[in-house]
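For reference, the structure discussed in these notes is given below.
Chains as they are written, first to last, in this note's numbering: chain A, 43 to 384; chain B, 43 to 384.
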């Protein structure tokens, strides 16, 4: 079994970090204030096992029927772990598109389960086989927007896929706040469509481990039996509740990141890159020179971290997280310098 | 599968909570200060995947050879989950003593594994069969001090059990800071002795989810592949690091809790209870009247929560967490009043 390897985490401050799709902006001031206040709270007491405060606020913000449509977890990583443990037994199978988030494969491996990758078609479309049942299939995972591409499978296609599948379809919406579409409304209509969200990306809280699942209440209740009793830290729950209530802050930050994303895509195209139009907080690009790994190394030597990704039988490229304008421009200038040296 | 049911969590402030073995005292001031300071830290960045700051401080405090002997997790609950997922496959078996911490059974059920309970002998001694191998056995779990009894299996017996077992023996030391013995030194000598610890009890940080495993480095490295990449929250890691560095605070609080525990045991005996001498931050007691469930209900009506526990084929009783002197005395007075009403 090959463990999942997340992006590098260098000592803070020394690098411009555009490799793990973090938000370059600090969280809302109301979040920081809430944490400071909670530091004097009942830390010696076990937290609410189901993060009710958060679930109430999130249900209201997202227009869900109620808090019982939400399962909160220690990052959406924990939610994904709970889903795989809950649905996929040893020898059973989960499905994911390719190339996408390889953590799903690691989760299957840990569980002693099998995984099956369905390649994207040209233009990052999904073939209909992605929605076909088979005997051992127990769970299908779709990152939407996908990584590394930043592309979105439209909700109407997600709906069609779910209708033909004999098992739950989890739409991993870690990046949905940066996209034009999301599948939240589909959860009410289809028992087998589940949506995961995280506070790590759009809300600027990767340090605070908090993510959640949106699904029909009967499923939420079953999955809650699998999670650790007290999986949500008291301070994290307070922070996440403040964050999801700060929708004005969110709208501002997303607008900034989208504007920087648009400039980044233009700059990369001007430099000859093939850039996939992104609906996430990163862009995926390839250069006709093919010197992606060398570019990654060059940037790293110059204190800029981006993600070099190589997908066997598919190809390689560079994934660049959207930073502040200054960070992103520094990265673009360094890329320019590298290309001039070729 | 029956999910694990933790103790009740009423709205804060309304009850005297002596039911979930929390520390009645707030954490060290240095912990609160560290959290307030960290609230302005890099919350938008992913945390250190292995909580290195904490592991360094803990290795030094506990006299371990190095941080690579420690795996940090989101509470020792997560550590236990990782251990069961790592060692016990579907259809395989874990062993626990009885009566003890029934969460272990739930973890086996979630995994599709089997569990086997070995009853304690009179006086809370373990029979030698607890150390016997069998074909499907993959993991043995021993809470030490045990709950509900608060008793300790001495390290020399733990060593003998481990020597005869064909699999890892996990000594769950959630309450070890309140005991006269612990098994930390045995980890260096025996590859199959593993120790779990938590910051929830003695350090007064149940709200902050943080626990850890001590084991030989080769085992730690393997288990790290199973955990979620970023399982330790940034603020929790900061808080836990400050806590484990506050050993003077810890010694004071433990001395206070032990003194209250001693007075509680005397008071209960004076009221006719059979009290098991405790090495934890709770006491287990039974009354000749047998009216344990009724006593629990009476206390609850009077805003005092203790834990009523009923173990099939074994018996029932009351587990009372040690609170402050005031909280514990209020509980004793209410018990006295109940007994007078019989």
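We treat Cβ as the ideally placed atom computed from N, Cα and C, and that holds for glycine. Since this is a predicted model, take the numbers as computed values, not measurements.
Pairwise C-alpha distance: residue j and residue i
i	j	result
residue 250 of chain B	residue 157 of chain B	30 Å
residue 149 of chain A	residue 123 of chain A	7 Å
residue 374 of chain B	residue 201 of chain B	39 Å
residue 331 of chain A	residue 313 of chain A	11 Å
residue 59 of chain A	residue 116 of chain A	23 Å
residue 380 of chain B	residue 311 of chain B	15 Å
residue 183 of chain A	residue 194 of chain A	14 Å
residue 185 of chain A	residue 137 of chain A	12 Å
residue 270 of chain A	residue 119 of chain B	6 Å
residue 247 of chain B	residue 338 of chain A	42 Å
residue 346 of chain A	residue 377 of chain A	10 Å
residue 232 of chain A	residue 178 of chain A	22 Å
residue 176 of chain B	residue 209 of chain B	10 Å
residue 279 of chain B	residue 219 of chain A	28 Å
residue 315 of chain B	residue 242 of chain A	52 Å
residue 181 of chain A	residue 139 of chain A	12 Å
residue 352 of chain A	residue 131 of chain A	30 Å
residue 192 of chain B	residue 223 of chain B	12 Å
residue 168 of chain A	residue 229 of chain A	20 Å
residue 81 of chain B	residue 199 of chain B	45 Å
residue 19 of chain A	residue 56 of chain A	Since the first residue of chain A shown is 43 and the last is 384, residue 19 of chain A is not available in this structure.
residue 350 of chain A	residue 341 of chain A	11 Å
residue 425 of chain A	residue 196 of chain B	Residue 425 of chain A falls outside the range modelled here, since chain A spans only 43 to 384, and no answer is possible.
residue 348 of chain A	residue 297 of chain A	22 Å
residue 206 of chain A	residue 236 of chain A	15 Å
residue 384 of chain B	residue 85 of chain A	38 Å
residue 318 of chain B	residue 364 of chain B	14 Å
residue 295 of chain B	residue 64 of chain B	12 Å
residue 114 of chain A	residue 227 of chain B	38 Å
residue 129 of chain A	residue 372 of chain B	47 Å
Residue i classed as buried or exposed, judged by whether at least 16 other C-beta atoms fall within 10 angstroms
i	result
residue 103 of chain A	exposed
residue 47 of chain A	exposed
residue 153 of chain A	buried
residue 50 of chain B	exposed
residue 126 of chain A	buried
residue 87 of chain B	buried
residue 368 of chain B	exposed
residue 215 of chain B	buried
residue 90 of chain B	buried
residue 382 of chain A	exposed
residue 334 of chain B	buried
residue 135 of chain A	buried
residue 336 of chain A	exposed
residue 301 of chain A	exposed
residue 79 of chain A	exposed
residue 75 of chain A	exposed
residue 170 of chain B	exposed
residue 259 of chain B	exposed
residue 165 of chain A	exposed
residue 173 of chain A	buried
Residues that DSSP places opposite residue i in a beta bridge
i	result
residue 324 of chain B	B:363
residue 57 of chain B	Partner(s): none; residue 57 of chain B has no beta bridge.
residue 114 of chain B	B:254
residue 351 of chain B	B:359
residue 140 of chain B	B:161
residue 317 of chain A	A:327
residue 156 of chain A	A:135
residue 237 of chain A	A:213 and A:256
residue 346 of chain A	A:58
residue 167 of chain A	A:163
Any non-hydrogen atom of the ligand ZN closer than 7 Å to residue i Cβ
i	result
residue 95 of chain B	This structure simply doesn't include the ligand ZN, nor any ligand for that matter.
Item checked: Segments assigned beta strand (DSSP E), at least 3 residues, entirely inside the region 201-235 of chain A -> 211-214
Next item on the list: Answer yes if the region 105-116 of chain A comes into contact with the region 160-171 of chain A, meaning at least three C-beta pairs across the two stretches below 8 Å, and no otherwise.
Entry: no
Next item on the list: Decide yes or no for the touch test of the region 93-100 of chain B against the region 282-291 of chain B: beta carbon pairs closer than 8 Å, at least 3 of them.
Entry: yes
Note to self: With three or more beta-carbon pairs closer than 8 Å as the criterion, would you say the region 61-77 of chain A touches the region 287-302 of chain A?
What the structure shows: yes
Margin query: Does the structure place the region 327-335 of chain A close enough to the region 300-317 of chain A that three or more beta carbon pairs sit under 8 Å?
Written below: yes
Check: Is there contact between the region 256-271 of chain B and the region 140-148 of chain B, where contact requires at least three CB pairs shorter than 8 Å?
Finding: no
Next item on the list: Say whether the region 250-260 of chain B touches the region 343-358 of chain B, bearing in mind that this needs 3 or more beta-carbon pairs closer than 8 Å, one atom from each stretch.
Entry: no
Next item on the list: Please go through the region 169-193 of chain A and give each complete beta strand (DSSP E) segment of 3 or more residues, from N-terminal end onward.
Entry: 179-185
Next item on the list: Any chance you could list the alpha helix (DSSP H) runs of at least 4 consecutive residues sitting entirely within the region 56-98 of chain A, in chain order?
Entry: 71-80
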